[in-house]
Amino acid sequence: MCGLAGIFHIHHDNASGAIPLETLKRMTAALQHRGADESGVYIDDQIGLGHARLSIIDLTSGTQPIHNENKTLWIVFNGEIFNYRELRKQLIDAGHHFYTTSDTEVVLHLFERHGTRCLDLLNGQFAFAIWDTVKKKLFLARDRMGICPLHYTVQNGFFYFASEVKSLFMEPNIPRELDPIALDQIFTLWTPLPGATAFKNIQELEPGQFMTVDKDRINFKKYWHFPIVPRTGHMDAPIEDITEQLTHLLLDAVKIRLIADVTVGSYLSGGLDSSGITALVSKQFNQHLQSFGIRFEESDFDESRFQKQLSSFLNVSHKELSVSNTDIAAHFPDILWHAEKPILRTAPVPLFLLSKLVSDNGLKVILTGEGADEIFGGYNIFKETLIRKFWARHPENLSRADLITRIYPNIFKNPLLKNSLIQFFGQGLDTADDPLFSHMIRWNNTRRIKTFFSDTLKESIGDYDCIQEIRDRLPDDFNAASSLTKAQYLESTLFLSNYLLSSQGDRVAMGHAVETRPPFLDHRVIEFMARVPSIWKVFGLNEKYLLKKVFKDVLPENIVLRPKNPYRAPIQQSLLTKENSDFINNILGKTSLQAAGYFNAQKVRALTRKLSAQKNINEVDGMAIAGIVSTQIIHDQYIQNFPASVNPMPELDLIVDHRPPNHGLST
Amino acid sequence: MNYTQAINQFIVENFLFGDDNNLATDASLLENGIIDSTGVLELISFLEETYGITIEDEEMVPENLDSIDNINNFLKKKLTAL
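Structure below.
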C-alpha cells in the first residue's frame with residue numbers, strides 16, 4: 010500500500026494563490042510510514058498531488074504520480090487491483106499504451122475509457138485521486154468496503170485530501186478540533202459514522218463512494234452498496250451446490266490476492282477464519298508460506314496452542330509474538346497516533362506489534378481472515394438476535410430465554426448471574442420489530458459511558474442522537490430483509506468498515522508499512538453470501554455453518570468445531586498497572602482533564618478509584634477507561650502538541666512540475 | 027432499619043460516578059441503564075460484604091434487586107431471618 014495527498018485550488022480563476030509545494034511535501038512526508046520506498050509529486054498552477062510508495066507490484070517503473078499517453082490525466086493511487094492483469098490486456102487490445110507494468114496505470118486508462126464507471130470493473134482495495142488537466146476536474150474514489158482510507162476537507166477555497174488526517178494537518182490553516190458529535194458516536198457505537206472522523210470539518214470518503222471536484226461543485230455518489238437481498242431473492246440450491254460454488258469463489262479470492270512482486274504471508278490466530286485462509290494458500294498455492302500469530306500473557310486471551318497445532322498440521326513456517334500487559338500500555342499511544350480517533354478497546358495494539366514482526370521478517374503483504382464473521386454470520390450478536398427474536402414471540406417462555414445461556418457460556422459461568430442476565434437480554438423484547446433490534450442492547454449499554462462527558466461537551470452535543478441518525482440513513486429495502494441480514498448490514502457497514510478495517514486493520518498494519526489483504530471481503534464473496542439463505546449462515550445455533558463446510562476438508566476437526574472466541578486484548582489489566590500509573594495519573598489528572606475539557610474530572614476520579622479497588626470489572630467500565638484515556642491522548646497528540654513538520658524530510662524521487670514559468674518560485 | 031441511603035450511596039458512587047440525578051427509589055436499575063448484567067455482580071458483592079449475608083441463586087431475581095426499594099425490602103427480610 011501507499012499514502013496519497015493533494016491540494017486543489019478550487020476557485021483558481023477568480024482568486025490568487027499558488028499551490029504551496031512545501032506544504033505538499035510535508036503532507037506527503039507525513040505519510041511515509043505507509044510507504045518509504047519512493048515518493049513523488051505532481052504540481053501545476055491549480056493542483057498538487059503527492060505520493061508515498063510502498064512498492065509491491067512493478068518494483069522498478071511504478072513511481073507515482075503516473076500519467077496517460079498524452080499526460081492529460083494524472084493519478085496517485087493507494088492499494089491494489091487484483092484483476093489488473095486481465096483489465097490491462099483488454100485495454101491494450103483496445104489500443105491503450107502503457108509505460109509501466111503497475112496496476113495503478115491500469116486504473117488510469119480504465120478511467121480514461123469508462124469514466125467513473127471504471128469502478129464497477131475493479132476488484133480490489135484502493136483509494137485514489139485522478140486529476141484531469143483538460144476538464145480541470147478531480148476524481149477521488151474508495152474501495153467498496155473501505156479497506157483503504159481517504160480523508161478530505163475544504164478550507165478557504167482549497168480542497169485538501171490525504172490517506173490520513175495527520176497529513177491534512179500539515180497545512181497549518183486547517184483547524185484541529187475534536188468533534189463533539191463524533192465523540193457522541195464513538196462513545197455509543199465504538200466508531201464514528203461512515204463519512205465522519207473524530208475531527209471537526211474533516212470528512213472521510215465513504216466505502217463504495219466516489220466524489221468529483223471542480224470549480225462549480227463537489228459531487229458524491231455511492232457506486233456500491235452493501236447488498237441487502239430479501240428472502241425472495243435467496244438461492245434455492247441444495248447446500249452441497251452452494252458449498253461448492255463458495256469454495257470455488259474463495260479459492261479465486263485467495264488466489265488473486267497472492268498477486269504481488271514480493272512475498273505474501275498470512276496471519277494465523279488459531280480461529281476458523283485465518284486458519285482457513287492459511288490452509289487454502291498452503292495447500293493450493295504456496296508450500297513455503299510464512300504465518301504470524303499473537304500470544305497473550307493473560308491466559309484468558311491466549312490462543313497459541315491452536316496456532317501451534319495448525320502450523321504443524323499445515324506445515325507452514327509460523328512465527329509468534331508474545332504480548333504482555335506492559336507492551337499494550339506502552340504502545341497504546343502509538344496506535345492512537347495511527348488510528349487518529351479515540352477507541353474503547355486496546356485490541357489494535359497487539360496487531361500493531363504483529364505488523365512489526367512481519368516487517369522485521371522482510372514481508373510487506375499479509376492475508377487476513379478479517380470480514381468472515383460479518384459475511385458468514387460468526388458473531389454472537391447474530392445468534393443473540395435470532396434467539397431474542399424467537400423468545401420475543403413468547404416472552405413468558407423461559408426455556409426460550411434459556412437459549413441465551415448457550416451462546417454466552419463464559420458470562421453465564423456464574424450461576425448467580427443467570428436471572429439478571431436473562432433479564433438483561435430480555436430488554437426490548439417488546440420492540441422486536443425495531444429495525445435496529447439486534448444492536449440496541451449493545452448501543453444502549455455502551456452509551457452509558459457518556460456519563461463521563463463534561464457539561465460543556467454535553468452542551469455541544471445537545472439533542473443530537475447518533476442512533477436516530479443511523480435510523481435516518483437506513484436504505485429503503487432494509488425493512489424487507491431478514492433479522493440476520495439486518496444485523497449483518499449494521500455490523501458490516503458500521504463496525505467492520507469504520508473500526509476493524511481502520512483502527513484495527515489498515516492503520517496498525519501500515520504503521521509498519523505492511524499491507525493486509527482480506528480475501529473474505531472480495532465483493533464477489535459478499536454478493537454471493539447476500540443471496541445465501543440465513544439458515545445456512547447460522548444453522549440453529551451453529552455459526553458460520555457454510556464456511557465450516559468449506560473448510561472441513563482442509564482443517565483439523567477440532568479447529569472447525571471449536572466455538573468462536575472473539576479476538577480481544579486486556580484493557581484495565583494493561584492500562585491501570587503500577588508501572589503505568591504515572592502516565593495515567595498525569596493524563597487523567599484534574600488539570601489535564603479540565604484543560605482538554607471533554608470529561609468530568611470528578612467522575613473520572615471515581616471511576617479510576619473504583620477500577621483500582623476492584624477485581625471484578627464490568628465491561629462497560631473497561632470501555633469507559635479506554636475511551637477516556639484514548640481521547641486524552643488524541644487531544645495531546647493532535648490538538649495540543651501536533652508536530653508541524655516531519656523530521657527529517659525525505660527526498661522526493663520524482664517531481665513533475667507543470668507550473669507555468671514565474672509561478673515556480675512560490676513555496 | 028432502613029438501608030435506602032446506604033444502597034443509594036453505593037449505586038451513585040459505583041454506577042453513576044457521583045452523579046445523583048435524583049434517582050427514584052422505585053426506578054428499575056436495569057431498565058434505566060444504571061446497572062448492566064455484570065454490574066449485578068458488583069451489587070451482590072457489596073451487599074454480601076457490607077451486611078454479612080449470602081445471597082442464594084434463587085434470590086437473584088429482579089423482585090429483590092432491581093430498584094433501591096426492592097433491595098431495601100430484600101435486605102430487611104434477609105437480616106431479620108438471620
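Protein chains in written order, with my numbering: chain A, 10 to 676; chain B, 27 to 108. Every residue gets a Cβ at the ideal spot worked out from N, C-alpha and C, and that includes glycine.
- When DSSP reads this structure, Gly-133 of chain A sits in a beta bridge with A:Ile-90.
- Residue-level contact by beta carbon holds for Asn-423 of chain A and chain B, with a gap shorter than 9 Å.
- Around the CB of Asp-92 of chain B, 16 or more other CB atoms lie within 10 Å, so the residue is classed as buried.
- Of all residues in the stretch 28-46 of chain B, only Glu-39, Asn-40, Leu-42, Phe-43, Gly-44 and Asp-45 come within less than 8 Å of chain A when Cβ atoms are compared, listed by chain position.
- The beta-bridge partner set that DSSP reports for Ile-56 of chain A consists of A:Phe-17.
- Not one beta carbon of chain A lies nearer than 9 Å to the beta carbon of Leu-101 of chain B.
- Neighbours of Thr-80 of chain B in chain A, taken as residues whose beta carbon is under 9 Å from its own, are absent, since the nearest beta carbon is some 10 Å off.
- Per DSSP, Ala-53 of chain B lies in no alpha helix (DSSP H) and is assigned neither H nor E.
- When Cβ-Cβ separations below 9 Å define contact, Leu-91 of chain B makes contact with chain A.
- Put simply, the CB of Arg-415 of chain A is far from chain B, with every gap to its CB atoms at 9 Å or more.
- In the structure shown, the three-state DSSP call for Ile-337 of chain A is helix.
- Here DSSP, grouped into helix, strand and coil, assigns Asp-666 of chain A to strand.
- Going by C-alpha positions, Arg-516 of chain A is about 33 Å away from Gln-611 of chain A.
- A distance below 9 Å separates the beta carbons of Leu-255 of chain A and Leu-556 of chain A.
- Residues of the same chain with a CB within less than 8 Å of the CB of Lys-144 of chain A, apart from the 5 flanking positions on each side, are Asp-223 in chain order.
- Listed along the chain, the chain B residues whose CB falls inside 7 Å of the CB of Glu-628 of chain A are Thr-64.
- Going by beta carbons, Ser-308 of chain A and Leu-277 of chain A fall outside the 9 Å limit.
- A Cβ-Cβ contact shorter than 9 Å links Ile-344 of chain A with Gly-520 of chain A.
- At a cut-off of 9 Å between beta carbons, Asn-428 of chain A contacts chain B.
- When C-beta atoms of the stretch 381-399 of chain A are compared with those of the stretch 496-509 of chain A, three or more pairs fall below 8 Å, so the two segments count as touching.
- In the three-state reduction of the DSSP assignment, Phe-178 of chain A falls in the coil class.
- Contact check for Ser-543 of chain A against Leu-493 of chain A passes: the beta carbons are separated by less than 9 Å.
- DSSP places Gln-581 of chain A inside the alpha helix (DSSP H), whose first and last residues are 581-584.
- Against chain B, the beta carbon of Arg-457 of chain A has neighbours under 7 Å at Gly-59, listed in chain order.
- Under the 9 Å criterion on CB atoms, Asp-83 of chain B is classed as interfacial with respect to chain A.
- For the stretch 440-466 of chain A, the set of positions with a beta-carbon nearer than 9 Å to some beta-carbon of chain B reads Asn-453, Asn-454, Arg-456, Arg-457, Thr-460 and Phe-461 in chain order.
- With a threshold of 9 Å between beta carbons, Leu-616 of chain A makes contact with chain B.
- Shown here, His-403 of chain A sits in coil according to DSSP, grouped into three states, outside any helix or strand.
- Sorting A:Glu-180, A:Leu-159, A:Ile-183 and A:Lys-80 by C-alpha distance to the C-alpha of Ser-172 of chain A places A:Leu-159 at the top.
- With 16 or more neighbouring CB atoms inside 10 Å of its own CB, Asp-193 of chain A falls in the buried class.
- The continuous stretches of beta strand (DSSP E) do not include Gln-649 of chain A, and DSSP gives it neither H nor E.
- Chain A places no beta carbon closer than 9 Å to that of Leu-73 of chain B, leaving this residue out of the contacts.
- Contact between Arg-43 of chain A and Ala-522 of chain A holds: their C-beta atoms lie close to 7 Å from each other, under 8 Å.
- Ranking A:Ser-321, A:Leu-100, A:Asp-442 and A:Arg-540 by CA distance to the CA of Thr-394 of chain A puts A:Asp-442 first.
- Residue contact with chain B for Gln-477 of chain A: absent (no Cβ-Cβ distance below 9 Å to any residue of chain B).
- Within the stretch 586-613 of chain A, the residues whose Cβ lies closer than 7 Å to some Cβ of chain B are Gln-611 and Lys-612, listed in chain order.
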